[in-house]
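Just so you know, the sequence shown maps onto residues 0 to 464 in numbering that gives the first Met the number 0.
All remarks here apply to the structure that follows.
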Amino acid sequence: MRWALVKVSLAVTTMVVVAFAVPLGLVIREMARDRAFSNAEREAAAVAPALSITTDRDQLERVVASAGADAGMAVHLPAGDGQEALELGRRRAADEDIAAVRKLGRASTTGVPGGSTLLQPVALSTGKIAVVEVYVPESDVTNGVGTAWAVLAAVGVALILGSVAVADRLGVRMVRPARRLVEGAHDLGEGRLGARVPEEGPSELRLAAVAFNSMADQVVQLLANERELAADLSHRLRTPLTVLRLNTASLGEGPAADQTRTAVEQLEREVDTIIRTAREAKPQTAAAGPGAGCDAAEVVRERMAFWSALAEDEGRKWRVAGADRPVRIPVARADLAAALDALLGNVFRHTAEGTAFAVDVHNGEDAVIVLVSDAGPGIADPETAMARGRGSGSDGSTGLGLDIVRRLAESTGGDVRIGSSVLGGTEVRIWIQLDGRAPGGSGHRQIRRRRPGRLAAVYNRSRSR
């Protein structure tokens with residue numbers, strides 16, 4: 000907007016300056032020409048009285064000399080009464096031009112080398128017509144024109160620069176509030192809920208700033224209400240969890256009882272985490288700092304130890320590969336555990352008892368791949384399954400499990416893909432980026448282009464087994 004105003008002002012001022020300066024320059028040139036020929040007419044008029052009295056050469060030479068223009072004046076006397084034609088001074092005009100003036104009895108101008116001449120007819124006492132020729136150099140015709148044009152050009156440039164400066168200041172006055180509005184919207188989108196915009200500038204932008212600040216206040220209020228609602232709903236789960244925990248105490252000993260007590264304890268921890276997160280004033284939008292993260296192999300071993308007991312009860316074969324050595328990733332331990340539980344829970348929920356499953360971890364130079372595959376019937380529409388909130392349509396399916404996995408991968412700049420596994424069922428591939436690429440946008444496309452050869456080879460070998 001700022002440069003648009005400057006360009007408009009530059010164009011308009013330039014057109015105005017040209018519209019006035021060009022005609023004014025032509026008028027100045029014409030005025031200089033008229034001034035030069037007026038002086039020539041006065042010089043010719045100074046000689047006319049003497050011509051009407053005498054035609055003596057010596058007297059006429061003294062008159063021409065007294066006029067002060069002897070170098071640029073000539074007098075042409077016609078022949079008559081036994082007197083030859085007489086010419087005083089240097090003649091520049093052609094014979095035909097002098098004859099035409101003498102015949103018409105009217106003054107005229109004609110061009111000659113280096114300038115122009117004024118031919119002025121004068122009546123003699125004998126009735127003959129003499130012609131006074133006054134030379135007007137080109138320098139006299141253009142005297143002062145160049146200076147006047149230079150002054151006009153300087154004034155025009157000053158007007159243009161002044162208008163551009165004024166337009167630039169006006170543009171800054173308009174652009175600065177708009178830029179602050181953009182920065183405020185960006186800060187609010189980044190999760191900085193305290194971002195507000197100064198209500199200043201033109202009236203339209205002031206109204207926009209007022210509307211933005213009002214919207215930001217409403218967003219903060221709505222988020223506060225949502226946090227309180229989530230905390231209240233989560234707190235209501237504590238009562239049935241307390242009952243479950245008390246009931247597990249009466250289950251006695253055994254793998255099933257231990258597994259049930261572990262699940263209830265984990266559920267209590269998850270509910271406490273949800274309540275604390277919901278009560279926090281700041282949204283959890285910041286990326287993990289340096290040194291944050293977890294050992295993916297350790298988390299995989301821990302969660303598989305939990306699910307293996309249920310797998311044995313249902314007669315499922317399972318395997319874990321690539322989790323025998325540390326694999327560091329920039330993801331919180333609880334987030335990775337929640338993602339693995341969501342995927343493994345889907346395997347147990349949506350496949351028949353006895354269906355095999357596997358978890359593979361592939362470590363590369365700049366990325367880590369976690370594969371969760373099964374031998375079930377597969378997913379007919381992977382895109383719909385990845386959409387948030389669209390479950391499979393069966394009881395207990397909300398569609399949020401895969402969304403948890405997707406958000407975990409995208410928080411590192413990676414992605415999630417659903418395909419067919421080597422076991423014959425579904426394969427969910429979690430691509431976790433290690434080089435700190437910013438989440439979102441076109442990050443996952445760049446990741447695929449930069450996939451390291453060694454990791455791709457390992458990944459392909461795992462699919463061919």
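We put the CB at the ideal spot given by N, CA and C, even for glycine.
Check: Is it right to say Asn-345 is buried, meaning 16 or more other beta carbons lie within 10 angstroms of its own, or is it exposed?
Finding: On the sequence shown, residue 345 is found 346 positions in, with the first residue counted as 1. It counts as buried.
Check: Which term fits Trp-306, buried or exposed, when burial requires 16 or more other beta carbons within 10 angstroms of its beta carbon?
Finding: Residue mapping note: residue 306 aligns to position 307 of the sequence shown, counting from 1. Answer is buried; the Cβ neighbour count reaches 16.
Notebook entry, point to check: Considering only residues of the same chain and omitting the five flanking positions on each side of Leu-339, which have a CB-CB separation below 6 angstroms?
Noted result: Here residue 339 refers to the residue found at position 340 of the sequence shown. Excluding positions up to five away in sequence, the list reads Arg-302.
Checklist line | Alpha-carbon to alpha-carbon, Glu-199 and Thr-272 | finding: Mapped onto the sequence shown, residue 272 falls at position 273. Mapped onto the sequence shown, residue 199 falls at position 200. Thr-272 and Glu-199: Cα-Cα distance of roughly 43 angstroms.
Checklist line | Of the listed residues Ile-97, Gly-413, Thr-12 and Thr-53, nearest to Ala-73 (C-alpha basis) | finding: Within the sequence shown, residue 73 is the residue found at index 74, counting from 1. Put simply, of Ile-97, Gly-413, Thr-12 and Thr-53 the residue whose alpha carbon is nearest the alpha carbon of Ala-73 is Ile-97.
Margin query: On the CB-based measure, 16 or more other CB atoms within 10 Å of its CB, does Trp-430 come out buried or exposed?
Written below: As a first step, residue 430 must be located in the sequence shown, where it is residue number 431. Under this definition Trp-430 is a buried residue.
Notebook entry, point to check: Under a three-way DSSP split, which group does Val-154 fall into?
Noted result: Within the sequence shown, residue 154 is the residue found at index 155, counting from 1. Secondary structure at Val-154: helix, using DSSP grouped into helix, strand and coil.
Checklist line | For Val-7 and Val-17, the rounded distance between their alpha carbons | finding: Your numbering for residue 17 matches position 18 in the sequence shown. Your numbering for residue 7 matches position 8 in the sequence shown. Near 15 angstroms, if we compare the C-alpha coordinates of Val-7 and Val-17.
Margin query: Pop quiz: Leu-180 and Leu-204 are said to be a contact at Cβ under 8 angstroms. What is the actual Cβ separation, rounded to whole angstroms?
Written below: Numbered from 1 along the sequence shown, position 181 holds the residue referred to as residue 180. Numbered from 1 along the sequence shown, position 205 holds the residue referred to as residue 204. Yes, Leu-180 and Leu-204 are in contact; Cβ-Cβ is about 7 angstroms, under 8 angstroms.
Next item on the list: Identify every residue that forms a DSSP beta bridge with Asn-362.
Entry: Sequence index remark: in the sequence shown, residue 362 carries index 363 (1-based). In the DSSP output, where bridge partners are listed per residue, Asn-362 has Val-367.
Item checked: Beta-carbon spacing of Gln-265, Leu-309 below 8 angstroms -> As a first step, residue 265 is located in the sequence shown; it is residue number 266 there, counting from the start. As a first step, residue 309 is located in the sequence shown; it is residue number 310 there, counting from the start. Here Gln-265 is not near Leu-309, since their CB atoms are 8 angstroms or more apart.
Next item on the list: Name the two residues that bound the continuous alpha helix (DSSP H) containing Pro-381.
Entry: The count along the sequence shown starts at 1 and reaches residue 381 at position 382. That run of the alpha helix (DSSP H) goes 381–385.
Next item on the list: Sort Asn-142, Thr-411 and Thr-383 by Cα distance to Leu-401 and report the nearest one.
Entry: Numbered from its first residue, the sequence shown carries residue 401 at position 402. Nearest C-alpha to Leu-401: Thr-383.
Check: Whose CA, out of Arg-172, Gln-217 and Leu-160, lies closest to the CA of Leu-187?
Finding: Start at 1 with the first residue of the sequence shown, and residue 187 comes out as number 188. Minimum Cα distance to Leu-187 is reached at Gln-217.
Check: Do Asp-334 and Leu-407 come within 8 angstroms of each other at the CB atom, strictly closer than that value?
Finding: Position 408 of the sequence shown, counted from the first residue, corresponds to residue 407. Position 335 of the sequence shown, counted from the first residue, corresponds to residue 334. Taking 8 angstroms as the Cβ cut-off, Leu-407 and Asp-334 qualify as a contacting pair.
Margin query: Three Cβ pairs or more, each shorter than 8 angstroms: is that satisfied between the region 101–115 and the region 128–135?
Written below: yes
Margin query: Determine whether the beta carbon atoms of Arg-91 and Val-62 lie at a separation below 8 angstroms.
Written below: For the purposes of this step, residue 91 is identified with residue 92 of the sequence shown, where counting begins at 1. For the purposes of this step, residue 62 is identified with residue 63 of the sequence shown, where counting begins at 1. In this structure, Val-62 does not lie closer than 8 angstroms to Arg-91 by Cβ.
Notebook entry, point to check: Per DSSP, what kind of secondary structure is Gly-145 in: helix, strand or coil?
Noted result: By one-based count along the sequence shown, residue 145 stands at place 146. Looking at Gly-145 - three-state DSSP - the assignment turns out to be helix.
Item checked: Buried or exposed by the 16-neighbour rule on C-beta atoms within 10 Å, applied to Ser-124 -> Position 125 of the sequence shown, counted from the first residue, corresponds to residue 124. Sixteen is the threshold: since fewer than 16 other Cβ atoms of the shown chains lie within 10 Å of the Cβ of Ser-124, the residue is exposed.
Margin query: If you follow the beta strand (DSSP E) that Arg-318 is in, where does it begin and where does it stop?
Written below: Counting from 1 along the sequence shown, the entry for residue 318 is found at position 319. Run containing Arg-318: 317–320, per the beta strand (DSSP E) assignment.
Notebook entry, point to check: How is Gly-113 classed by DSSP in three states: helix, strand or coil?
Noted result: Position 114 of the sequence shown, counted from the first residue, corresponds to residue 113. Residue state, collapsed to three classes: coil.
Checklist line | Thr-297 - containing alpha helix (DSSP H), residue span | finding: Taking the sequence shown and counting its residues from 1, one reaches residue 297 at position 298. Here residue 297 is Glu; the residue named in the question, Thr, does not match the sequence. Counting along the chain, the alpha helix (DSSP H) containing Glu-297 begins and ends at 295–312.
Notebook entry, point to check: For the alpha helix (DSSP H) that Asp-434 lies in, which residues bound it at each end?
Noted result: Within the sequence shown, residue 434 is the residue found at index 435, counting from 1. Taken as a continuous stretch (DSSP letters only), Asp-434 belongs to no alpha helix (DSSP H), as it is neither H nor E.
Check: Mind pulling the alpha helix (DSSP H) runs of 4 or more residues that sit fully within the region 167–248?
Finding: 202–235 and 237–247
Checklist line | Cα-Cα separation, Arg-191 to Arg-226 | finding: Working through the sequence shown from its first residue, we reach residue 191 at position 192. Working through the sequence shown from its first residue, we reach residue 226 at position 227. Distance between the alpha carbons of Arg-191 and Arg-226 is about 16 angstroms.
Next item on the list: Please classify Ser-115: is it buried, with 16 or more other beta-carbons within 10 angstroms of its beta-carbon, or exposed?
Entry: Reading the sequence shown from its first residue, position 116 is the one you call residue 115. Result: buried.
Margin query: Suppose you measure from the CA of Ala-149 to the CA of Leu-158; what does that come to, to the nearest Å?
Written below: Stepping through the sequence shown from its first residue, residue 149 is reached at position 150. Stepping through the sequence shown from its first residue, residue 158 is reached at position 159. Cα to Cα, the separation comes out at about 14 angstroms.
Note to self: Am I right that Val-369 and Ala-295 are in contact with their C-beta atoms under 8 angstroms? What's the rounded C-beta distance?
What the structure shows: Counting from one through the sequence shown, the residue named residue 369 turns up at place 370. Counting from one through the sequence shown, the residue named residue 295 turns up at place 296. Confirmed, Cβ separation roughly 7 angstroms.
Notebook entry, point to check: Grouping DSSP H, G and I as helix and E and B as strand, with all else coil, what is Ile-328?
Noted result: For the purposes of this step, residue 328 is taken as residue 329 along the sequence shown, with counting starting at 1. Of the three classes helix, strand and coil, the one that applies to Ile-328 here is strand, per DSSP.
Note to self: Assuming contact is defined by CB atoms lying nearer than 8 angstroms, are Asp-380 and Thr-425 in contact in what I supplied?
What the structure shows: Within the sequence shown, residue 380 is the residue found at index 381, counting from 1. Within the sequence shown, residue 425 is the residue found at index 426, counting from 1. Contact flag unset, no.
Item checked: Residue environment, Arg-315, which counts as buried when at least 16 other CB atoms sit within 10 Å -> As a working note, residue 315 is residue 316 in the sequence shown. That one is buried.
Next item on the list: Taking the CB atoms as reference points, tell me whether Leu-25 and Val-121 lie closer together than 8 angstroms.
Entry: Here residue 25 refers to the residue found at position 26 of the sequence shown. Here residue 121 refers to the residue found at position 122 of the sequence shown. Result no, Cβ atoms of Leu-25 and Val-121 do not sit closer than 8 angstroms.
Check: Is it right to say Pro-329 is buried, meaning 16 or more other beta carbons lie within 10 angstroms of its own, or is it exposed?
Finding: Working through the sequence shown from its first residue, we reach residue 329 at position 330. Result: buried.
Next item on the list: Could you check if Arg-428 is buried or exposed, using at least 16 other CB atoms within 10 Å of its CB as the buried criterion?
Entry: Translated into the one-based positions of the sequence shown, residue 428 becomes position 429. Its Cβ being crowded by 16 or more others within 10 Å, Arg-428 is buried.
Notebook entry, point to check: Using CA coordinates, which residue listed in Ala-223, Val-46 and Ala-337 is at the minimum distance from Val-270?
Noted result: Start at 1 with the first residue of the sequence shown, and residue 270 comes out as number 271. Minimum Cα distance to Val-270 is reached at Ala-337.
Margin query: Tell me the rounded alpha-carbon separation between His-349 and Leu-422.
Written below: Stepping through the sequence shown from its first residue, residue 349 is reached at position 350. Stepping through the sequence shown from its first residue, residue 422 is reached at position 423. Going by the C-alpha atoms only, they are around 15 angstroms apart.
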